[in-house]
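Asks: Protein chains in written order, with UniProt numbering: chain P, 1 to 217; chain U, 1 to 217; chain R, 1 to 217; chain Z, 1 to 217.
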DNA sequence: GATGAATGAGCGTTCATTCAT
DNA sequence: TATGAATGAACGCTCATTCAT
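1. Against residue 118 of chain P, what residues of chain U qualify as contacts under a CB-to-CB distance less than 9 angstroms, listed in chain order?
2. Between residue 21 of chain P and chain U, is the shortest Cβ-Cβ distance under 9 angstroms, so that the two count as touching?
3. Let's see if you can read the secondary structure: which residues bound the alpha helix (DSSP H) around residue 203 of chain R?
4. Do residue 91 of chain Z and residue 99 of chain Z have their CB atoms nearer than 9 angstroms?
5. How big is the Cα-Cα spacing for residue 32 of chain U and residue 70 of chain U?
6. Is the CB-CB distance between residue 180 of chain U and residue 205 of chain P below 9 angstroms?
7. Would residue 149 of chain R pass as a contact of residue 105 of chain R if the rule is Cβ separation under 9 angstroms?
8. Do residue 78 of chain R and residue 97 of chain R have their C-beta atoms within less than 9 angstroms of each other?
9. Can you grab the Cα-Cα spacing for the pair residue 144 of chain U / residue 207 of chain P, in whole Å?
10. State the CB to CB distance for the pair residue 212 of chain Z and residue 197 of chain Z, rounded to an integer number of angstroms; the pair is presumed to be in contact (CB under 8 angstroms).
11. Just to make sure I have the definition right: I need the residues of chain U whose C-beta is within less than 9 angstroms of the C-beta of residue 162 of chain P. Which are they?
12. Residues in the same chain with beta-carbon distance under 8 angstroms from residue 166 of chain R, minus the five sequence neighbours each way, listed in chain order, please.
13. Given this structure, state the Cα-to-Cα distance separating residue 67 of chain R from residue 88 of chain R, to the nearest angstrom.
14. By Cβ distance below 7 angstroms, which residues in the same chain neighbour residue 57 of chain U in space, the five residues on each side in sequence not counted?
15. Assuming residue 42 of chain U contacts residue 59 of chain U (C-beta within less than 8 angstroms), just tell me the rounded distance between them.
16. List, in order along the chain, the chain P residues whose C-beta lies closer than 8 angstroms to that of residue 177 of chain U?
17. Report the rounded CA-to-CA distance for residue 109 of chain Z versus residue 102 of chain R, giving the unit in angstroms.
18. In chain Z, which residues lie less than 9 angstroms from residue 185 of chain R when you measure between Cβ atoms?
19. Could you list which residues in chain P have their beta carbon closer than 9 angstroms to that of residue 55 of chain U, in chain order?
20. Which value, in whole angstroms, describes the spacing of the CA atoms of residue 46 of chain R and residue 142 of chain Z?
21. What does a CB cutoff of less than 7 angstroms around residue 116 of chain P pick up in its chain, not counting 5 residues either side in sequence?
22. Buried or exposed: where does residue 119 of chain R fall if 16 or more other Cβ atoms within 10 Å of its Cβ makes it buried?
23. What does residue 167 of chain Z touch in chain R if you count any residue whose Cβ is under 9 angstroms from its own?
24. Assuming residue 122 of chain R contacts residue 175 of chain Z (C-beta within less than 8 angstroms), just tell me the rounded distance between them.
25. Taking only heavy atoms of the ligand NAP into account, decide whether any of them is closer than 8 angstroms to the Cβ of residue 196 of chain U.
26. Once the 5 residues before and after residue 54 of chain U are set aside, which same chain residues still bring their CB inside 8 angstroms of it?
27. Cβ closer than 8 angstroms: which chain U residues qualify as neighbours of residue 170 of chain P?
28. Starting from the Cα of residue 114 of chain R, find the closest Cα among R:40, R:51, R:193 and R:131 and give me that residue.
29. Enumerated in chain order, which unbroken segments of the alpha helix (DSSP H) with a length of 4 residues or greater are wholly contained in the region 74–127 of chain P?
30. Taking the alpha carbon of residue 129 of chain R as the reference point, which residue from R:50, R:157 and R:28 has its own alpha carbon closest?
31. Look at residue 86 of chain R and residue 146 of chain R and say whether their C-beta atoms are less than 9 angstroms apart.
32. Applying the criterion that 16 or more other CB atoms from any shown protein chain within 10 Å of the CB defines a buried residue, is residue 3 of chain U buried or exposed?
33. Using the Cα positions of residue 164 of chain U and residue 83 of chain U, report the straight-line distance between them to the nearest angstrom.
34. Please list the terminal residues of the continuous alpha helix (DSSP H) segment that includes residue 171 of chain Z.
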């Protein structure tokens, strides 16, 4: 995983100005990115509530009005940030899984766990901001559903191959996902950001949970 | 579980006035309770942010200043509400466990699950308000720790008895707790509030996860 | 008509403080009055749009929040001001009419005209503010209807007595009312605030308009 | 009177594009007309205040900057709209008068009334927007003066011919004009847009008001 | 002529909190 | 204890207007 995490390309944006002559007008994509990154950084530092639109605009180096060109509301940025986070998460984890052989089901689950825990530990602050601190969050969200679908796919493959057994793939996936969060959170509280130990624990627990009963000899 | 849930004794409070001659001055305990119940109801209905101290005071039938006699801040009420919720949760689940024989470990786990899912499903709105909608929530909380300790106790007993095996009791408990939430949430989204099906699924998954390997004959 | 017009009792309010020891808390009625008068003065001077709530609060000597204790919106004050204006107008004109004998129909009409023109000329600025400058004004308003009803009463009495004749009392009243405004406005533009000349013109025109045809001898 | 009223030729403008190949650059006159019509429609629908320059530009199918090529201010459009309205009103009424014989004074007054009421009833919304909803309207306006002059001419002719008598032509004209508005407004409130009944009432009232006293035999 | 991204002063409104009674 | 009028800092959001392309 890259060191920059998911907070954004603000630094790059700041440097850009020096290279090419300063243009007051920027491509929409760049402005949006700058604003989102500024918002993310502030949300993490001061919290969502305490961050004002003025703060965001100032940090992005634009006028307040410019913020409202691209977002219609403070909540809007959070939603965009959430989408960006989820997209990133999915992509990283998918890449980790893809490194394992298609038939290596335990390896794929392990890859998911390591990818997920690693990404999560590396971006907890942003994760919390976009998924928890936002009032009136949804119990059900497209974002979570996408991740669950990803796990379900891995599990179903393993079941088809006869390695795993479980009464309901979705429930199993939910337990894997939320169990992962719980154990990772505990690791954070314990003060470690090394994904190794929690991953090993999770692998062992979930391996037991999913293992197909050994056929009697 | 009583039908009234955990929202409070507002109804009782309302009736009280009739029985005992109306006294502008009420025992502190009663006032606090009225205010908390009023707050809970409003938080659920309109959300925390949208609920003003005025709203709470009005619903509790007191002046705004009175609110500040008992709570120093809006956040204060939420914290109190959270404590009340957790206390209630612990008590109910403990009662469910106590109904089973001390050596019936699967039964005790099952009792925990049924108690927890049932209580949760019956009070989701309040749960969400006090545990999620409150900005700047803590990853770590005394409340959650108490519940985890409760599960750990059940699990350790089972392990000591040789029925269960797992690498780390706390991690196992975390997976049980958060897995329970995840599956219960999914049931809510699916539209059912019948605790039966999710409980059965959880029992099966966790039984597999915790089962001590059968000794080879 | 008193010289103070309808703008309010702000002066009195300002003096009050000196006499009785300064009380931060004032009776609601006084505060409302102070705020309305401050608003009226500012609306006249700078226009409604250009007047901010801050301006109003400052001129009334209270904090901005206090304004919102008594009015929920800027539009609210305008509506209140309109009601106060209309009430005052009706009262003054009614008083003028009451000075004439009940059977002196021309005298009563004349009294209405002189009362109306006088009051209008003495308060045009406020009149304009509350009845014209307020966007989305209503073609139909309770206020105007009340005044029309007053005129209709005078006209009907005269018709019953056989002094006047007209096809429709309401239409006649409308022409009297709006004709009065038109001629008074013209006088203002012409630079005079002496109600005499326009009144005489109006009396002559309306006398002709309403006169019952003399029976042929 | 044409069915399209005075709102503008937007429809024509919309079709134009199809016929002649689309030219980004349009003759100034066309652009101005498109913008005025767009503004008028929006002012009527949402009110002046609520209509933004963006709205107007969007509805006219041009960029915001283009608006500022042709008008320097929002108020500018209103003034232009007012002039266009008044010009139209005068023309229509003048045409109606011209249909009557030069010596038919009652007929000419009647023509004025019918033309005025008809035009007014057919365009009230626009009328209100340009003459009332515009903050800081003028008591005195070139537009109104032109109309008054038109009525004065009719009245003076009749007086010269000995059919009418009145103390002051301008006052009489003002009463006719504002009386017309008052009665027409009342008809609108009453829900009818048939100009017949209000016209008949006005004719009778004004005929009485203006009639020269019959010489005694 | 036409564009539309950028601006930023400005304003209405909210609401937690205080405090004199 | 209880009240509720008064406070005033704070913030989200609007939108007319500019100007580089």
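Note that CB positions come from ideal geometry on N, CA and C, so glycine has one too.
Replies: This is what the structure holds:
1. Ordered by position in chain U, no residue passes the 9 angstroms Cβ test against residue 118 of chain P, which lies about 17 angstroms from the chain.
2. Caution applies to residue 21 of chain P, whose pLDDT of 41 falls short of 50 and renders its modelled position unreliable; the model cannot decide the point.
3. 196–210
4. no
5. 6 angstroms
6. no
7. no
8. no
9. 26 angstroms
10. At roughly 27 angstroms, the Cβ-Cβ gap does not stay under 8 angstroms, so residue 212 of chain Z and residue 197 of chain Z are not in contact.
11. The premise fails here: residue 162 of chain P is roughly 16 angstroms from chain U at the closest Cβ pair, so nothing lies under 9 angstroms.
12. 155, 159, 172, 209 and 210
13. 24 angstroms
14. 63, 64, 66 and 67
15. 6 angstroms
16. 182
17. 36 angstroms
18. 139, 140, 174 and 178
19. Per Cβ cutoff of 9 angstroms: no residues; residue 55 of chain U is ~16 angstroms from chain P at best.
20. 24 angstroms
21. 93 and 180
22. buried
23. 200, 201, 204 and 205
24. Contact doesn't hold; Cβ gap of about 22 angstroms is too wide.
25. Questions concerning the ligand NAP fall outside what the structure shown contains, since it holds no ligand whatsoever.
26. 64
27. 186
28. R:193
29. 74–98 and 105–122
30. R:50
31. yes
32. Reliability of the predicted coordinates at residue 3 of chain U is poor, the pLDDT of 42 falling under 50, and no value is obtained from them.
33. 32 angstroms
34. 169–190
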